[in-house]
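My numbering numbers the first residue of the sequence shown as 78 and each following residue consecutively. We put the beta carbon where it would ideally sit given N, CA and C, even for glycine. A short worksheet on the structure shown next.
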Amino acid sequence: MTEERLVFGVTVDQLDELNTLLRTITAHGDVITVGCDEPLHPQTVSTLGEVVFNAALAVREVFDRIEAQKL
Numbered sequence: 078m079t080e081e082r083l084v085f086g087v088t089v090d091q092l093d094e095l096n097t098l099l100r101t102i103t104a105h106g107d108v109i110t111v112g113c114d115e116p117l118h119p120q121t122v123s124t125l126g127e128v129v130f131n132a133a134l135a136v137r138e139v140f141d142r143i144e145a146q147k148l
């Protein structure tokens, strides 16, 4: 029988932060994908894309913090 070891730990705050960021990414991605009856203004698409990009960078930062923290 192999004993499994924990590799990293995550705080509840970090899980909440990741959940919020992922919801932000999916909500803005839905707007870009579904849109509306009229085509989105190019500036709107650019702004939505920037929000998605920044949220993805924030997810990466959270994962970096998780990886660096000690158990």
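Buried or exposed: where does residue i fall if 16 or more other Cβ atoms within 10 Å of its Cβ makes it buried?
i, result
"residue 98", "buried"
"residue 145", "exposed"
"residue 132", "buried"
Express the C-alpha separation of residue j and residue i in angstroms, rounding to a whole number.
i, j, result
"residue 80", "residue 86", "17 Å"
"residue 130", "residue 124", "10 Å"
"residue 148", "residue 126", "35 Å"
"residue 111", "residue 101", "15 Å"
"residue 121", "residue 104", "14 Å"
"residue 107", "residue 128", "13 Å"
- Task: Give a yes or no on contact between the segment 130-148 and the segment 93-111, applying the rule of three or more CB pairs nearer than 8 Å.
- Result: Result yes; three or more Cβ-Cβ pairs closer than 8 Å.
Margin query: Threshold first: 3 residues or longer. Then list the beta strand (DSSP E) segments lying entirely within the segment 80-104, N to C.
Written below: Along the length of the segment 80-104, whole beta strand (DSSP E) runs at least 3 residues long do not occur.
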